[in-house]
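J.: Anchor point for the sequence shown: position 403 equals 1658 in the working numbering, and the numbering is continuous, going up by one each time.
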Amino acid sequence: MKEYSALALLRNAFSGNRDWKPAWRKPDPKPQYDVVIVGGGGHGLATAHYLASEHGITDVAVVEKGWLGGGNVGRNTTIIRSNYLLPANTGFYEHSMKLWETLSHELNYNVMFSQRGILNLAHTPGQADDYIRRGNAMRHDGIDAVWMNPAEIARKVPGLDVSAKARFPIVGGLMQPRAGTARHDAVAWGYARAADRRGVDMLENCEVTGFLRDGDRIVGVTTTRGEIRAKKVAVAVAGSTGRVMKLAGIDRLPIESHVLQAFVSESLKPAIDTVVTFGGGHLYVSQSDKGGLVFGGDIDGYNSYAQRGNLPVVEEVMSEMAALFPGWAGVRLLRSWGGIMDMSMDGSPIITAGPLPGLYLNTGWCYGGFKATPASGWCFAWTIARDEPHPLNAAFTLERFHRGAVIDEKGQGATPRLH
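(1) Please state whether the Cβ-Cβ distance between residue 1529 and residue 1375 is less than 8 Å.
(2) Counting Cβ pairs closer than 8 Å, one from the stretch 1392-1401 and one from the stretch 1345-1357, do we hit at least three?
(3) How many Å lie between residue 1635 and residue 1556 at the Cα?
(4) In the DSSP output, what is residue 1482 paired with across the bridge?
(5) Could you tell me which whole alpha helix (DSSP H) segments of length 4 or greater appear in the stretch 1637-1667?
(6) For residue 1260, count neighbouring Cβ atoms within 10 angstroms of its own Cβ and tell me buried if that reaches 16, exposed if not.
(7) Taking all protein chains shown into account, do 16 or more other C-beta atoms lie within 10 angstroms of the C-beta of residue 1360, making it buried, or fewer, making it exposed?
(8) When DSSP builds the beta bridges, which residues end up paired with residue 1591?
(9) Reducing DSSP to helix, strand and coil, say where residue 1456 ends up.
(10) Considering only the alpha carbon of each residue, which of 1404, 1423, 1416 and 1669 lies closest to residue 1535?
(11) So what's residue 1695 in DSSP terms, helix, strand or just coil?
(12) Please state whether DSSP places residue 1615 in a helix, a strand or coil.
(13) Taking the straight line between their C-alpha atoms, what separation do you get for residue 1319 and residue 1409?
(14) Could you give the C-beta distance for residue 1597 and residue 1541, rounded to a whole number, given that I count them as a contact under 8 Å?
(15) Please report the straight-line C-alpha distance between residue 1526 and residue 1550, rounded to a whole angstrom.
(16) Since residue 1339 and residue 1314 are thought to touch, with beta carbons under 8 Å apart, how far apart are those beta carbons, to the nearest angstrom?
(17) CA-CA distance, residue 1437 and residue 1622?
(18) Applying the 10 Å Cβ sphere with the 16-neighbour rule, what's the burial state of residue 1671?
(19) According to DSSP, residue 1487 sits in a beta bridge with which residue or residues?
(20) In this structure, what does DSSP give as the bridge partners for residue 1338?
(21) What residues in its chain sit with their C-beta under 8 Å from that of residue 1293, if we drop five residues either side in the sequence?
(22) Return the first residue and the last residue of the beta strand (DSSP E) that residue 1541 is part of.
(23) Consult DSSP for residue 1600 and reduce its assignment to one of helix, strand or coil.
(24) Just how far apart, CA to CA, sit residue 1608 and residue 1426?
(25) Could you pull the start and end residues of the beta strand (DSSP E) that residue 1373 belongs to?
(26) Following the continuous alpha helix (DSSP H) through residue 1387, name the residue where it begins and the one where it ends.
(27) On the DSSP letters alone, give me the boundaries of the beta strand (DSSP E) that residue 1316 sits inside.
(28) Taking the alpha-carbon of residue 1461 as reference, which of 1283, 1388 and 1269 has the nearest alpha-carbon?
Okay, structure coming up:
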């Protein structure tokens, strides 16, 4: 497949853009592959790409029940960051950040990665101490972190209420300058195209209805397009993990599925050039290239497989936005949507072999799935190819919940909806 280039853009502009080739093929399923990846979202597509590019495994099929990128990778607020505290998370997410920084070049596809920074607002002295501790831990690991006082924040985010009369007074904020946003659809399309160019089959409208077994070993899947055998089967289906794994006879996992809403406002002139998060509640907001304010908050708090939310969370998120940015109170909401979060018991992911021979699992992303896409696919591909974890995902096992070796970034305990 031809590379995208400035010359190709110019040539196709003169031909009315009629000569572009499809970004990926639409093949029929083969009877057998070396690896079948269940889930055509960001993590599944990234895994396919890195299996081919890093490990030379190209006899791979990505099996997706709908269209590629129709799940959480296209239903998020596009935030990318690596501002974590615990060592297992800092190493993993910083690796993801470094992959993001070269991803457009690697994929030959503009994922529109914009390193506009992320600012975590602190509203009490205790919260400021906690953020400064996290920033110091980040700097100790070579990750960028800057503490900002209220005056610096006011200059950076002019519309933010930093006055003493604010409902939630701001005492400072932790900024990660290298953080930012990317175009979620472009990430899915870029990984799909790159994997296809190396021979990976994208099997859309191909829902998994069961797993093939040889004794305890998983040896393939049954789908709406027939049986597909495989030496290895990898599952990366985010909030649908419980339902898919039940088809393999696994009905107990340390995750819960919850709906998370996100919102976009009408288009505005440039009003905010960074990502801002609210420390007195749960709100995160940035502005898209089209001018819309892209924002979200808490999960809805109840177990659900529905890609829609309820009004109490809408009201809560809007009230937090108006409290921080009073000038935006009259802005109209354009649309909202929901994604299904696979909330783990400790708030950290699972990237591991098992729990059955021949089966590999990628789940438990909570709010962090989009920003982890490159590192998740990179580590999952390593685990599948070598049948052992990379040091970056060695801690993200299922076994940790039996041993009590949890990775609880927020210190919330075994309550998935609080992570």
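Built from N, CA and C at the ideal position, the CB exists for glycine as well. Everything numeric in this text was worked out from a predicted model, so none of it was measured.
T.: Taking the structure as given:
(1) no
(2) yes
(3) 29 Å
(4) 1477
(5) 1654-1658
(6) exposed
(7) exposed
(8) 1518
(9) strand
(10) 1423
(11) Residue 1695 lies beyond the residue range present for the chain, which begins at 1256 and ends at 1674; the question has no answer from this structure.
(12) strand
(13) 46 Å
(14) Going by Cβ atoms, the distance from residue 1597 to residue 1541 rounds to 24 Å, so no, they are not a contact pair.
(15) 14 Å
(16) Not a contact, Cβ separation roughly 36 Å.
(17) 16 Å
(18) buried
(19) 1290
(20) In the DSSP output, where bridge partners are listed per residue, residue 1338 has none listed.
(21) 1299, 1318, 1463, 1476, 1488, 1489, 1490, 1491, 1492 and 1499
(22) 1538-1542
(23) coil
(24) 45 Å
(25) 1373-1377
(26) 1380-1395
(27) 1315-1318
(28) 1283
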